[in-house]
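Student: I'd like to ask you about the structure that follows.
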Amino acid sequence: MRTQVAIIGAGPAGLLLAHLLNKAGIASVVLEQRSRDYVAGRVRAGVLEQVTADLLVSLGIGERMRNEGLVHTGTNIAWGDRLHRIDFSALTGGSTVVVYGQSEVMADLNASADEMGLPVIFGAEQVQLHDLDTARPYVEYDFEGVRRRLDCEFVAGCDGFHGVARASIPASVLKTYEKVYPFGWLGVLAEVPPVNHELIYARHDRGFALASMRSKTRSRYYIQCDLSDRVEDWSDDRVWDEVCVRLGDDVGPSVVRGPSFEKSIAPLRSFVAEPMRWGRLFLAGDAAHIVPPTGAKGLNLAATDVIMLSQALADHYATRSERALDRYSDRALARVWKAERFSWWFTMLTHRFPEDGGFEHRIQSAELDYILSSEAAQRVLAENYVGLPIAD
Ligand code: APR
Ligand code: PHB
């Protein structure tokens with residue numbers, strides 16, 4: 053088999069890229085090791101920046117998001133038993149975010165890929181990348197028990213943090229930057245109405261909590277937990293009690309409780325790999341970087357990476373020049389690092405760090421107090437939360 057771009061991974065980055073390339077008239081084949089149901093069913097964050105929402109619309113797959121997504125013009129910080137609102141729209145000249153779960157985005161991407169006949173091969177195992185530093189790279193993989201070969205001109209590594217693409221870049225070229233946080237997030241989904249019409253990020257002495265949602269009848273809550281905690285340690289009652297306490301006296305008592313139908317613990321990590329290109333291989337999304345979920349930047353970064361990558365590939369096929377391809381890594385990383393900074397900062401601002409003493413605690417309180425009393429500081433938060441522009 054032969055194509056122009058071999059895309060490894062059918063997560064948000066891989067599928068969005070396949071759609072973008074198709075729109076630009078560039079052929080691609082997506083190779084995904086897992087099943088379609090497995091990939092689509094993973095529970096992830098659900099806040100789309102304006103640029104991500106616009107991307108879905110421009111690809112002709114924004115209809116359900118427009119009908120069912122919840123447009124939020126602000127968010128809230130609970131601290132010191134009070135709720136403080138950050139008004140995105142007023143602070144950024146009208147920008148908003150859309151609350152629409154990643155599993156819904158995946159369902160829309162897959163349905164439209166089917167309709168358009170985009171080649172997405174699920175169950176492609178033992179993927180190996182070859183000759184990436186030549187003009188004729190190729191990919192080998194097992195499918196239905198047979199070893200196969202896909203010849204291509206470029207490879208897009210959209211295979212997430214544990215994929216093979218980043219590992220194919222020689223160690224002498226790749227530089228990685230990492231920060232691991234000393235806690236996790238316990239998340240629950242429940243068929244109960246959200247406690248508030250917008251999200252609430254809570255800083256409490258017992259630790260961080262987040263009240264989020266998937267719809268007007270389905271809630272998503274998170275609480276900071278110890279890395280050694282297991283899901284079995286957290287009965288629904290214990291989760292709800294903790295959520296209520298951490299959200300504070302203003303909102304805690306209004307939380308509607310119900311049985312959780314998903315409960316999981318995730319560690320928090322910041323990670324960046326540089327460069328995002330080696331020869332004919334280009335990395336995008338979690339294959340190149342991870343952010344802690346505070347601020348929900350993961351999916352949005354994957355979307356903006358592949359916007360830039362598709363622009364570079366389109367420019368190359370139109371002009372046969374290498375210029376845009378040569379710029380991809382620096383251009384993507386410039387935006388990635390700003391989102392890394394914001395996600396790290398928002399995590400530091402709102403979580404309890406076990407190693408922190410009185411000094412760090414006071415500094416954190418002073419920063420919260422400053423943000424909540426300064427319009428300039430709130431604008432910085434709002435501008436980053438709704439998403440920074442894609443620079444040239
Ligand atoms: N071969 C083929 N596919 C692979 C391989 C491999 N060796 N390794 C991983 N994959 C697939 C995974 O099964 C997964 O479906 O690549 C896909 C990567 O998807 P994500 O991990 O979702 O990464 P990405 O598309 O970059 O999405 C970034 O979405 O899922 C969230 O947390 C993620 O918010 C982040 C954003
Ligand atoms: C979510 O709804 O899953 C969510 C929302 C906002 C975040 C993280 C996760 O910052």
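Everything in the sequence shown is counted per this note's numbering, starting at 53 for the first residue and increasing by one.
A virtual CB, placed ideally from N, CA and C, is assigned to each residue, including glycine.
Cα separation between Arg431 and Thr127?
Tutor: Computed Cα separation, rounded: 12 Å.
Student: Nearest to Ala348 by alpha carbon, out of Glu167, Thr104 and Glu205?
Tutor: Comparing Cα positions, the closest option is Thr104.
Student: Mapping the DSSP letters down to three states, classify Glu326 as helix, strand or coil.
Tutor: Reduced to three states, the DSSP call for Glu326 is strand.
Student: May I ask whether a heavy atom of ligand 2 can be found less than 7 Å away from the beta carbon of Ser322?
Tutor: Checking every heavy atom of ligand 2 against the Cβ of Ser322, none is found closer than 7 Å.
Student: Quick one: what's Tyr229 bridged to in DSSP?
Tutor: Per DSSP, Val324.
Student: Near Thr55, which residues of its chain fall below 7 Å by C-beta distance, leaving aside the five closest residues on each side in sequence?
Tutor: Result list for Thr55: Ala79, Ser80, Val81, Leu202 and Cys204, in chain order.
Student: Could you check whether the Cβ of Ser425 sits closer than 7 Å to any heavy atom belonging to ligand 2?
Tutor: Not so, every heavy atom of ligand 2 lies at least 7 Å from the Cβ.
Student: Using 8 Å as the threshold, is the C-beta distance between Ala159 and Ala92 below it?
Tutor: Yes, Cβ-Cβ distance for Ala159 and Ala92 is below 8 Å.
Student: Taking the Cβ atom as the reference point for each residue, do Ala384 and Met360 lie within a distance shorter than 8 Å?
Tutor: Yes, Cβ-Cβ distance for Ala384 and Met360 is below 8 Å.
Student: On the criterion of 16 or more Cβ atoms from any shown chain inside 10 Å, does Tyr19 qualify as buried, or is it exposed?
Tutor: Since the displayed the chain opens at 53 and closes at 444, residue 19 lies outside it and no answer follows.
Student: Can you give me the start and stop residues for the alpha helix (DSSP H) that Cys296 sits inside?
Tutor: Its alpha helix (DSSP H) spans residues Asp288 to Leu299.
Student: By Cβ distance, which residues of its chain are closer than 7 Å to Asp183, with the 5 residues on each side in sequence left out?
Tutor: Cβ within range, chain order: Pro189 and Tyr190.
Student: Could you give the C-beta distance for Gly259 and Arg404, rounded to a whole number, given that I count them as a contact under 8 Å?
Tutor: Confirmed, about 5 Å.
Student: Between Glu392, Glu427, Gly112 and Gln102, which has its C-alpha nearest His136's C-alpha?
Tutor: Cα-wise, what sits closest to His136 is Glu427.
Student: Look up Val198 in the DSSP assignment and say whether it is helix, strand or coil.
Tutor: DSSP places Val198 in strand when its eight states are reduced to three.
Student: Measure the C-alpha to C-alpha separation of Val99 and Arg309 and round it to an integer number of angstroms.
Tutor: Distance between the alpha carbons of Val99 and Arg309: 23 Å.
Student: Could you tell me the boundaries of the beta strand (DSSP E) in which Gly93 lies?
Tutor: Looking at the DSSP string, Gly93 is not in any beta strand (DSSP E); the run it does join, the alpha helix (DSSP H), is Arg88 to Gly93.
Student: With respect to the beta strand (DSSP E) encompassing Gln416, which residues constitute its N-terminal and C-terminal limits?
Tutor: Where Gln416 is concerned, there is no enclosing beta strand (DSSP E), although the alpha helix (DSSP H) it sits in stretches over Gly410 to Ser425.
Student: What does Trp237 pair with, by DSSP beta-bridge criteria?
Tutor: Gln276 and Ala318, per the DSSP bridge assignment.
Student: Quick check on this structure: which residue in Leu299, Pro171 and Tyr274 has the alpha carbon closest to the alpha carbon of Glu320?
Tutor: The sequence given here has Leu at residue 320, not Glu. Answer by Cα proximity: Tyr274.
Student: Go through its chain and collect everything with a Cβ distance to Ser141's Cβ below 8 Å, but skip five positions before and after it.
Tutor: Excluding positions up to five away in sequence, the list reads Thr125, Gly126, Ser147 and Thr148.
Student: Between Ile173 and Tyr193, what straight-line distance do the alpha-carbon atoms span, to the nearest angstrom?
Tutor: When rounded, the distance between both Cα atoms is 11 Å.
Student: Would the C-beta of Cys204 count as close to ligand 1, meaning under 7 Å from any of its heavy atoms?
Tutor: It does not: the Cβ of Cys204 is nowhere closer than 7 Å to a heavy atom of ligand 1.
Student: Of the residues Gln178, Pro171, Arg199 and Leu108, which one's Cα is nearest the Cα of Glu156?
Tutor: The residue with the shortest Cα to Cα distance from Glu156 is Leu108.
Student: Is the beta carbon of Gly350 sitting closer than 8 Å to the one on Val343?
Tutor: A contact, by the Cβ cut-off of 8 Å.
Student: Give the single residue among Gln178, Phe213, Asp211 and Met265 whose Cα lies nearest to the Cα of Gly197.
Tutor: Per the Cα distances, Gln178.
Student: By a C-beta neighbour count over all protein chains shown, 10 Å radius and 16 as the cutoff for buried, is Arg298 buried or exposed?
Tutor: The residue is buried, with at least 16 neighbouring Cβ atoms inside 10 Å.
Student: Can you check the stretch 125-211 for any alpha helix (DSSP H) of at least 4 residues that lies completely inside it and give the ranges in chain order?
Tutor: Segments of the alpha helix (DSSP H) lying fully in the stretch 125-211: 140-144 and 154-168.
Student: Since Ser267 and Glu120 are thought to touch, with beta carbons under 8 Å apart, how far apart are those beta carbons, to the nearest angstrom?
Tutor: Sure, about 7 Å apart at Cβ, within 8 Å.
Student: Assuming contact is defined by CB atoms lying nearer than 8 Å, are Ala163 and Gly337 in contact in what I supplied?
Tutor: No, they are not a contact pair.
Student: Given Ile423, which residues of its chain have a CB within under 8 Å of its CB, disregarding the five upstream and five downstream residues?
Tutor: Excluding positions up to five away in sequence, the list reads Ile129, Leu401, Ala429, Gln430 and Leu433.
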